[in-house]
Amino acid sequence: MKSTTRSIRALKGTRPIVCLTAYDAVTARIADQGGADLILVGDSLGNTVLGMEDTVGVTLEMMVHHTAAVVRAKPSALVIADLPFALAHEPFPKLLKSCRTLMQNGGAHGVKIEGGATLAVSILKLVDAGIPVMGHIGLMPQRVHSTGYKRRGLNPADQQKLLIDAQSVAAAGAFSIVIECVDEKFSQQLTESLEIPTIGIGSGKGCDGQILVIHDLLGLTSNPPPFVKPEAQLHRDAVAAVQRWAKKVRKPGLKK
Ligand code: KIV
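When we follow my numbering, the leftmost residue of the sequence shown carries the number 1, and every step to the right adds one.
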């Protein structure tokens with residue numbers, strides 16, 4: 001059955017929600033056939049697939065290109081596309097246009113936006129325009145050059161800030177919210193305080209669902225974050241397959 005923002009939302013309190021990133025038709029098919037409820041075309045595209053240092057260099061055009069490839073795989077999972085670096089802070093008409101482009105040209109069913117309380121009014125207006133929004137609070141990779149990659153929610157002041165961020169994004173109408181690298185106990189408290197599903201990454205088991213970068217899960221990245229336990233070693237297996245074939249090609253007497 002095709003996932004929708006409503007079906008994802010309705011899963012809260014019934015069973016854990018399974019989310020994975022994908023960046024092309026191949027990874028979308030793997031995620032979908034593996035049973036993901038939601039596929040995120042994350043801007044982790046930059047560092048995972050495009051060889052960038054971080055997500056800051058990812059553009060709207062890149063996101064549209066990769067989202068369209070994911071959508072062409074016709075997954076049953078809901079497809080959400082990340083709004084790239086800083087676009088959420090543009091004046092509303094430009095923000096609306098960027099989100100529209102991800103949905104109309106990329107085929108996404110909604111957008112994910114990194115940010116908290118300061119974006120609540122924009123999220124409210126996007127939702128009013130018919131754009132489903134997934135929030136993203138905690139560690140926000142797009143802010144790497146201002147905050148670095150730091151765990152969040154480790155002290156009462158930061159917990160208070162995260163609570164305000166989460167409640168503002170939820171009140172603005174987001175259908176779910178990613179909670180990245182937030183203290184495990186506090187993530188559970190956030191989850192219990194919200195009516196929308198929380199999707200954790202590096203935030204422990206207390207969230208309503210989990211998301212991982214598919215390349216980390218499959219063992220395609222050399223340095224996955226410490227909270228990921230890869231379920232396969234595809235990089236190692238692929239290199240071995242190429243080596244076996246290269247050996248056969250170079251075997252004396254094979255040519256002719
Ligand atoms: O860009 C991304 O892939 C993400 C998730 C892993 C949450 O934001």
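Don't be surprised by glycine CBs; every beta carbon is placed ideally from N, CA and C.
Small disclaimer: the values here were computed from a predicted structure and weren't measured.
{"Item": "Find the nearest neighbour of T55 within the set M1, P141 and V213, judged by alpha-carbon distance.", "Value": "P141"}
{"Item": "Under the criterion of a Cβ to heavy atom distance below 8 Å, does I17 qualify as lining the ligand KIV?", "Value": "no"}
{"Item": "Would you mind working out which of I131, Q243 and G115 sits nearest R143, comparing C-alpha positions?", "Value": "G115"}
{"Item": "Can you confirm whether Q210, when its beta carbon is compared against all beta carbons of chain D, has any partner nearer than 9 Å?", "Value": "The structure shown has no chain D; it contains just one protein chain."}
{"Item": "By a C-beta neighbour count over all protein chains shown, 10 Å radius and 16 as the cutoff for buried, is P75 buried or exposed?", "Value": "buried"}
{"Item": "Are the region 75-91 and the region 35-43 touching, with three or more C-beta to C-beta distances below 8 Å?", "Value": "yes"}
{"Item": "Under a three-way DSSP split, which group does D82 fall into?", "Value": "strand"}
{"Item": "When the Cα atoms are used, what is the spatial distance from D216 to V133?", "Value": "25 Å"}
{"Item": "Given this structure, state the Cα-to-Cα distance separating V249 from N223, to the nearest angstrom.", "Value": "31 Å"}
{"Item": "Taking the C-alpha atoms as reference points, what is the distance between G135 and I113?", "Value": "5 Å"}
{"Item": "Quick one: Cα of K205 to Cα of E184, how far?", "Value": "7 Å"}
{"Item": "DSSP three-state label for M134, please.", "Value": "strand"}
{"Item": "Can you say whether M1 is buried or exposed, counting buried as having 16 or more other CB atoms within 10 angstroms of its CB?", "Value": "exposed"}
{"Item": "Once you ignore the five residues that flank L94 on each side, which residues in its own chain have a CB closer than 8 Å to its CB?", "Value": "It should be noted that the sequence gives Lys, not Leu, for residue 94. So the list reads L87, once near-sequence residues are dropped."}
{"Item": "Under 7 Å Cβ to Cβ from A166, same chain only, skipping five residues before and after it: list those, please.", "Value": "I137, I177, L190 and L194"}
{"Item": "Candidates L212, A68, L96 and G42: which alpha carbon is nearest V121's?", "Value": "L96"}
{"Item": "What is the residue span of the alpha helix (DSSP H) that G46 lies within?", "Value": "L45 to T48"}
{"Item": "With DSSP collapsed to three states, give me the class of C181.", "Value": "coil"}
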